[in-house]
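Novice:
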Amino acid sequence: MILSGSGNQHLAHALASTLDEAVVPVRARRFPDGELIVEVDTETELPAMVTLGDDAFAIDDRAVVIASTVDDRALIEVLQLQDLAREGGAKEVVTVVPYFGYGRQDVAHDPGQPASARAMARALSAGTDRLVTVNLHEPAVLDYCTVEAQNVSAVNALAGGIDLDTDDVLFVAPDAGARDLAAQLRDVAGRGRFDHLEKHRIDDTTVEITMSETSVEGQTVVLIDDEIATGGTMTTATRMLLDAGATAVHAACVHPVLVGNAYTRLRRAGLAGLVATDTIERPVSTVSAAGAIAEVL
Ligand code: R5P
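Counting from 1 along the sequence shown, just add 453 to a position and that's the residue number in our numbering.
(1) How big is the Cα-Cα spacing for Gln566 and Asp559?
(2) Any heavy atom of ligand 1 closer than 6 Å to the beta-carbon of Thr619?
(3) Who does Asn604 pair with in a DSSP beta bridge?
(4) Which residues does DSSP pair with Ala626 in a beta bridge?
(5) Please classify Glu545 as buried or exposed, where buried requires at least 16 neighbouring CB atoms within 10 angstroms.
(6) Per DSSP, what kind of secondary structure is Thr658 in: helix, strand or coil?
(7) Within the continuous beta strand (DSSP E) that includes His703, where are the two ends?
(8) Could you check which residue in Val550, Val518, His562 has the C-alpha nearest to that of Ala543?
(9) Verify the contact flag: Thr730, CB atom, against every heavy atom of ligand 1, threshold strictly below 6 Å.
(10) Within the present structure, is the beta-carbon of Ala612 separated from the nearest heavy atom of ligand 1 by less than 6 Å?
(11) When we look at the beta-carbon of His562 and count the other beta-carbons within 10 Å, is it buried (16 or more) or exposed?
(12) Compute the Euclidean distance between the alpha carbons of Ala715 and Thr683, then round it to the nearest angstrom.
(13) What residue ranges within the segment 504 to 572 form continuous alpha helix (DSSP H) runs of no fewer than 4 residues, ordered along the chain?
(14) Between the alpha carbons of His703 and Leu537, how many angstroms are there, rounded?
(15) How many Å lie between Arg583 and Ala465 at the Cα?
(16) Need the endpoints of the alpha helix (DSSP H) that Gly685 sits in, please.
(17) State whether the segment 461 to 475 contacts the segment 488 to 498, with contact taken as three or more CB pairs (one from each stretch) at a distance under 8 Å.
(18) Using DSSP with H/G/I as helix, E/B as strand and the rest coil, what is Ala722?
(19) Roughly how many angstroms lie between the CA atoms of Arg639 and Gly645, to the nearest whole one?
(20) Report all residues from its chain with a CB closer than 8 Å to the CB of Ala747; omit the five preceding and five following residues, and keep chain order.
(21) Measuring only from the beta carbon, is Thr691 closer than 6 Å to any heavy atom that is part of ligand 1?
(22) Could you give the C-beta distance for Leu711 and Arg692, rounded to a whole number, given that I count them as a contact under 8 Å?
(23) Is Val479 near Leu456, with beta carbons less than 7 Å apart?
(24) Please check the pair Val625 and His649, which I expect to be a contact at CB under 8 Å, by giving their CB distance rounded to whole angstroms.
Next up, the structure:
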């Protein structure tokens, strides 16, 4: 039985059909004071093994709660869904957080700051028996969980979404942290080479990138990163690769956060195309992370 946050309906249904399970119809609304409430949609037929009495909701099965914590609202939603499942008597509650928001705040980057990802891990652990994430920015964050926690990779799905008419591809990570993703993508694609660039972050939206010694002259390049947020990293990398003679630069990312005009920035920088998964539902989410998640469920 799957309970989905409002931002992950596509992925929830993809997972449901892979696992042959049902999605509980849940909707979210706000009270006049701004507080959020999730509730079972009583106007929709409920799947078998779910009952709604006068004052109770019962789920006689394992409950998989799935919600990317893209923002504060989504975090409240997932905590409420966990409570709904647990109090409804689910035999086991598994929480899937496909995009683990605040994951980049894995440490206190400056004095006087919290390690927000640690706080997230602890809060999410409280209402579940098990936690699953997808390409978490810093997987060591899961060590803060107080329940069994596992990070899976959606790189196989990304590889399936990249359609190039050449085998001579260079898979490039824009920073050392994403080098493993470039290596995995090359391995799954079964062709080409991989490399990484060096990135130095100037501020929230600006980065400085240094090219590696690998020549990109006449080369088709696929940039790969765990997430694209403002697009600053990929925009800078795309321009540098094209300036250095790359024939075409494509990009792939697991989590298309795509803040504001990020997609426009990328295309204006000369990016030929972007493929992403549905951990966050965007028009570029043309492949699904459902397979990777289903394998561990
Ligand atoms: C950070 O190291 C991540 O892997 C991404 O490179 C970063 O989050 C992208 O952010 P932006 O799109 O804002 O440059």
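A virtual CB, placed ideally from N, CA and C, is assigned to each residue, including glycine.
Specialist: The structure says:
(1) 11 Å
(2) With a cutoff of 6 Å, Thr619 does not count as near ligand 1, since its C-beta is closer than that to no heavy atom of the ligand.
(3) Thr586
(4) His649
(5) exposed
(6) Assignment of Thr658 by DSSP, reduced to helix, strand and coil, places it in the coil class.
(7) Segment 701 to 709, the beta strand (DSSP E) holding His703.
(8) Val518
(9) no
(10) no
(11) exposed
(12) 5 Å
(13) 525 to 540
(14) 42 Å
(15) 17 Å
(16) Per DSSP, Gly685 belongs to the alpha helix (DSSP H) from 685 to 696.
(17) no
(18) coil
(19) C-alpha of Arg639 to C-alpha of Gly645: approximately 6 Å in a straight line.
(20) Leu468, Thr471, Leu472
(21) no
(22) Not confirmed; about 18 Å, so no contact.
(23) yes
(24) 7 Å
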